[in-house]
Amino acid sequence: MMFPRLGIGLGLRPPHYPRVTGAPCPGVDWFEVISENFMIAGGNPRRVLAQVRESYPVVLHGVSLSIGSVDPLDERYLDDLVALCRDVEPALVSDHLCWSSLGGHTVHDLWPMPYTEESLDHVVARVGHVQERLRRRILLENPSSYAVFSASDLGEAEFLAEVARRADCGILLDVNNVWVSCQNNRWDPHAYLAALPAERVGQIHLAGHSVEGDLLIDTHDHAVCDPVWELYRETIARLGPVSTLLERDDHIPPFDELAAEAQRARAIVEEVGRAQLAG
Amino acid sequence: MPSSLAELQRRFHDAVTGDRIPEESLDVVRADGVSPRRRLDVYFNAYRIRIHDAIAAEFPKVSLALGPERFGELCRRYLAKHPTSRPSLRDAAQHLAAFVRGGGWPPAPSWLADLAALERARTDAFDGPEARPLTREDLAQIPPEEIAFLRLPLVPTASILELHSIADTVWTALEKEQPLPEEPREAVPPRGVLVWRRDITVIHRTLADDEAEVLRALAAGATFADACELLVQHEDPPQRALQIILTALDGAAFVAPSEPLAVARPLPEDLGELT
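Just so you know, the sequences run in chain order A and B.
Note that the first sequence covers residues 835 to 1113 in this note's numbering.
Note that the second sequence covers residues 605 to 879 in this note's numbering.
Below is the structure:
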């Protein structure tokens, strides 16, 4: 197996720090943190992370690698990520298949790549460099997208699969993003899942989104919707019990409420596993 | 002829981060049932909202004091002058205080630049390196005859700001949800504010003039005796220096040394009774 199977995890967010450090968290097998939020010298976030790491596997998830930008990779950022990996010893390290900087301007958003052969070569080379710096495989997450470059001549899933094969990296499959991007861009979510190499999917994200007129927006501020749960069930049936994280970044409910929602993912993993054993 | 990756990224970037999405940029993305302008609008708005929200989180009192409309205008003007260039959103508004101080936002109240500087210093303290603070027990281990030549550096999260306005009063009013104080009619004399982190709590305290002078000197490497010399106009310089030091010590503002406390040189006997 290329990546560890960690079970069901939650994103570690500041409103939950007291709860997470104050008592055991039944039903939660691991935590994911946003890498950039912990690239700091000290203070409470680093203390909480160290305390959580004593009891749970931790996964680092970045938002600023800008793997697809034509700007040079930010070596100072990579230095910080290397140092954080050394401190945390994460089970997995991921970022997004996107670009978020140009001409030295960092936009703090996850912009879609043009899906072309030139982009593919570019991303593969940069993933190779990052993996050399980190001395480990990284995972790239499919972004939620609201537009497709006119110049794209490859599908997103095809592009992501090819990056993973050529660069020998993993895929973080955000099932909500699959749903959002497929609805927005008129793609088939089932074909999307089928195009991915199962052995390279090392982690799954689940989240909620908002409906804004004719587009779905990946806001992470709602519970996971039923179509996404159904797509998750199909994903688990295809891929097996891949480490799954429930994300919430806005309108964050109490920790135990979120942990209870995550149990729906565990129930699906168990149901699919039982059905496959019986079948 | 297909466009290069660099050209495609430049066109998308310029469309989304400019003042408006130009008509000639729309063909960079497909329609597929939704207009390209609508699609690019999602990125156009998200770029601004995300950075605006990050600045608001970093400067909650500035945001509160100005209200949503004026704070939004400040952010727009700031971003036009200082596009973000660092991977962390925490650094999105690292130049906000200097921007306001430099006249970047003319309708600013007199205290706005200082309030932004105070909030930025508090954030830096929140994220700063860990250090064990010096305690009275540590100090008690110093032989009395060596106290005068003791060096007392501040914890690494500490900084001393010089305010030229009532920003500290404004901060307190906002914290207590009280009405903002009126703008002073005359220039406000400069005064120091010590910002630091005690355990996980960020604190700031407005300093008396002599206190600010002594703490700045200690932070720069001065000894207790040097501090006393700064207080010669005081009735009892050693007593006042000790009072200043013990206040900071009890607030956990001095760093404990990794080795025995630094002493500059042997102490003359007449200073041996300072403790």
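C-beta: ideal position from N, C-alpha, C; glycine also.
Taking C-beta pairs closer than 7 Å, name the residues in chain B that A:Met873 reaches, listed in chain order. Ser692
Looking at chain B, is there any beta carbon in it that lies within less than 8 Å of the beta carbon of A:Thr1053? no
Would A:His1054 and A:Glu1081 qualify as a contact pair, given that the criterion is a beta-carbon distance under 8 Å? yes
B:Pro842 classed as buried or exposed, judged by whether at least 16 other C-beta atoms fall within 10 angstroms: buried
Using the Cα positions of A:Glu996 and A:Glu866, report the straight-line distance between them to the nearest angstrom. 26 Å
For A:Asn1019, would you say it is in contact with chain B, using Cβ-to-Cβ distances shorter than 8 Å as the test? yes
Nearest-angstrom Cα separation, counted from B:Gln745 out to B:Ser667: 47 Å
Can you tell me where the beta strand (DSSP E) holding A:Gly843 begins and where it ends? 842-845
C-alpha distance - A:Ser900 paired with A:Arg967, whole-angstrom precision: 15 Å
Nearest CA to the CA of A:Trp933: which residue from A:Gly896, A:Val916, A:Pro924? A:Gly896
For B:Gln613, name the three-state secondary structure that DSSP assigns. helix
Which residues mark the beginning and the end of the alpha helix (DSSP H) in which B:Thr773 is found? 771-779
How many angstroms separate the CA atom of B:Asp874 from the CA atom of B:Gln847? Residue placement at B:Asp874 is poorly supported in this model, since its pLDDT is 45, which falls under 50; the coordinates still yield a value, given next. Approximately 19 Å, taken between the alpha carbons.
CA-CA distance, A:Ala991 and B:Lys665? 45 Å
Per DSSP, which residues does A:Trp1013 bridge with? Please list them. None, per the DSSP bridge assignment.
DSSP state of A:Gln1110, grouped into three classes? helix
By the criterion of Cβ-Cβ separation under 7 Å, what are the contact partners of A:Phe983 in chain C? Looking for chain C here will not work: the only protein chains present are A and B.
List, in order along the chain, the chain B residues whose C-beta lies closer than 8 Å to that of A:Tyr980? Arg643, Val646, Tyr647
Counting only Cβ-Cβ distances shorter than 7 Å, please list the residues of the region 666-681 of chain B near chain A, keeping chain order. none
Do A:Val1058 and A:Asn1010 count as a contact pair if the criterion is CB distance below 8 Å? yes
Proximal chain A residues relative to B:Val859, where beta-carbon distance stays under 8 Å: Ordered by position in chain A, no residue passes the 8 Å Cβ test against B:Val859, which lies about 13 Å from the chain.
Output yes if chain B places a C-beta closer than 8 Å to the C-beta of A:Trp933; else output no. yes
Say whether chain B places a C-beta atom closer than 8 Å to the C-beta of A:Thr855. no
For the region 1023-1039 of chain A against the region 1074-1089 of chain A, are there 3 or more C-beta pairs whose distance is under 8 Å? yes
Strand pairing of A:Gln1037, partner residues [DSSP]: A:Leu1006
Residues of chain A with CB closer than 9 Å to the CB of B:Glu779, please, in chain order. Residues of chain A passing the Cβ test: none, with the nearest at roughly 19 Å.
Cβ of B:Val797 within 8 Å of Cβ of B:Thr810? yes
For B:Thr827, decide whether its Cβ has a neighbour in chain A, counting only Cβ atoms nearer than 8 Å. no
Within its chain, find whatever has a CB closer than 6 Å to the CB of A:Met835; leave out the 5 residues flanking it on each side and keep chain order. none
Find the nearest neighbour of A:Asp943 within the set B:Ser607, B:Asp814, B:Ala860, B:Phe616, judged by alpha-carbon distance. B:Phe616
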